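Visitor:
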Amino acid sequence: MVGIIMGSKSDLPIMRQAAEVLQEMEIAYELTIVSAHRTPLRMVEYAQSARERGFKVIIAGAGGAAHLPGMVASITTLPVIGVPIKSSNSIDGWDSVLSILQMPAGVPVATVALDGAKNAGILAAQIISTYDLRVAEALSLFKQSLTDKVIETVQEVEHLENLKQ
Ligand code: RP5
1 MVGIIMGSKS DLPIMRQAAE VLQEMEIAYE LTIVSAHRTP LRMVEYAQSA RERGFKVIIA
61 GAGGAAHLPG MVASITTLPV IGVPIKSSNS IDGWDSVLSI LQMPAGVPVA TVALDGAKNA
121 GILAAQIIST YDLRVAEALS LFKQSLTDKV IETVQEVEHL ENLKQ
């Protein structure tokens with residue numbers, strides 16, 4: 001249902017975080033390596049066949065001169081979420097952020113933060129939740145857990161402050 005691709009195996013420690021979110025929400029995904037520069041024909045084939053293979057959204061991560069998300073978005077009509085990665089060949093991550101973010105008009109890539117694969121997974125789930133109520137419910141529970149965690153810290157801090165007085 002969700003295609004997760006990345007330019008290199010070295011991107012896996014970051015991109016795995018998108019897969020973990022999808023696993024938690026019981027959303028099917030396929031994760032593989034597709035390099036825009038080293039396997040350009042594989043990239044074209046992947047992007048051309050993605051919709052007919054049943055994917056609803058593609059998450060694409062790459063570092064450095066990160067062309068994978070934009071090039072996949074130029075071929076498919078599926079939504080593409082781009083994950084800039086601070087890789088070994090990155091100057092400081094900005095190269096990857098700007099390569100993925102600054103797309104020309106007509107070819108959008110929904111770009112998340114540097115190394116923001118977790119948010120990419122959540123955004124993919126949110127896209128799927130527009131037609132899948134089970135996923136919408138899982139997202140509601142997730143949002144509630146975010147709130148609950150903050151409220152717990154509020155109570156902890158209040159408790160510590162009260163002890164001081
Ligand atoms: C990019 O170059 C990949 O997405 C990766 O982030 C980076 C470095 O790749 P390796 O040299 O580690 O394979 O294309």
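Numbering (our numbering), first residue to last: 1 to 165.
Cβ coordinates follow ideal geometry from the N, Cα and C atoms, glycine included.
In this text the structure is predicted, and so the values were computed from the model without any measurement.
(1) Going by the DSSP bridge assignment, what does Pro-84 pair with across the sheet?
(2) Is it the case that the CB of His-159 approaches a heavy atom of the ligand RP5 more closely than 8 Å?
(3) For Asp-92, is the classification buried or exposed, using 16 other Cβ atoms within 10 angstroms of its Cβ as the cut-off for buried?
(4) In terms of alpha-carbon separation, which member of Leu-68, Ala-120, Leu-133, Gly-121 lies closest to Met-103?
(5) Nearest by alpha-carbon distance to Ala-18: which of Phe-55, Glu-52, Leu-163, Ile-59 is it?
(6) Beta carbon of Ser-99: closer than 8 Å to some heavy atom of the ligand RP5?
(7) Nearest to Val-97 by alpha carbon, out of Gly-106, Leu-114, Gln-48?
(8) Between the beta-carbon of Ile-5 and the beta-carbon of Val-44, is there less than 9 Å?
(9) Using beta-carbon positions only, say whether Ala-47 and Met-71 come within less than 9 Å of one another.
(10) Taking Ile-85 as the reference, which of Gly-3, His-159, Leu-12, Glu-26 has the closest Cα?
(11) Less than 9 Å between the C-beta atoms of Arg-134 and Glu-26, yes or no?
Guide: Based on what the coordinates show:
(1) In the sequence shown, the residue the question calls residue 84 occupies position 84. Partner(s): Ala-62.
(2) Counting from one through the sequence shown, the residue named residue 159 turns up at place 159. Taking non-hydrogen atoms of the ligand RP5 into account, the C-beta of His-159 is found less than 8 Å away from none of them.
(3) Reading the sequence shown from its first residue, position 92 is the one you call residue 92. So Asp-92 counts as exposed.
(4) Stepping through the sequence shown from its first residue, residue 103 is reached at position 103. A check of alpha carbon separations from Met-103 across Leu-68, Ala-120, Leu-133, Gly-121 identifies Leu-68 as the nearest.
(5) By 1-based counting over the sequence shown, the position of residue 18 is 18. Minimum Cα distance to Ala-18 is reached at Ile-59.
(6) The residue given as residue 99 occupies position 99 in the sequence shown. Distances taken from the Cβ of Ser-99 to the heavy atoms of the ligand RP5 include none shorter than 8 Å.
(7) In the sequence shown, residue 97 corresponds to position 97, counting from 1. Among Gly-106, Leu-114, Gln-48, the Cα nearest to that of Val-97 is on Leu-114.
(8) Here the question's residue 5 lines up with position 5 in the sequence shown. Here the question's residue 44 lines up with position 44 in the sequence shown. Taking 9 Å as the cut-off, the Cβ atoms of Ile-5 and Val-44 do not count as close.
(9) Position 47 of the sequence shown, counted from the first residue, corresponds to residue 47. Position 71 of the sequence shown, counted from the first residue, corresponds to residue 71. Cβ atoms of Ala-47 and Met-71: closer than 9 Å.
(10) Residue mapping note: residue 85 aligns to position 85 of the sequence shown, counting from 1. Selected option, being the one with the closest Cα: Leu-12.
(11) What you label residue 134 is simply residue 134 of the sequence shown in a count that begins at 1. What you label residue 26 is simply residue 26 of the sequence shown in a count that begins at 1. Their beta carbons are under 9 Å apart, which means Arg-134 touches Glu-26 by this criterion.
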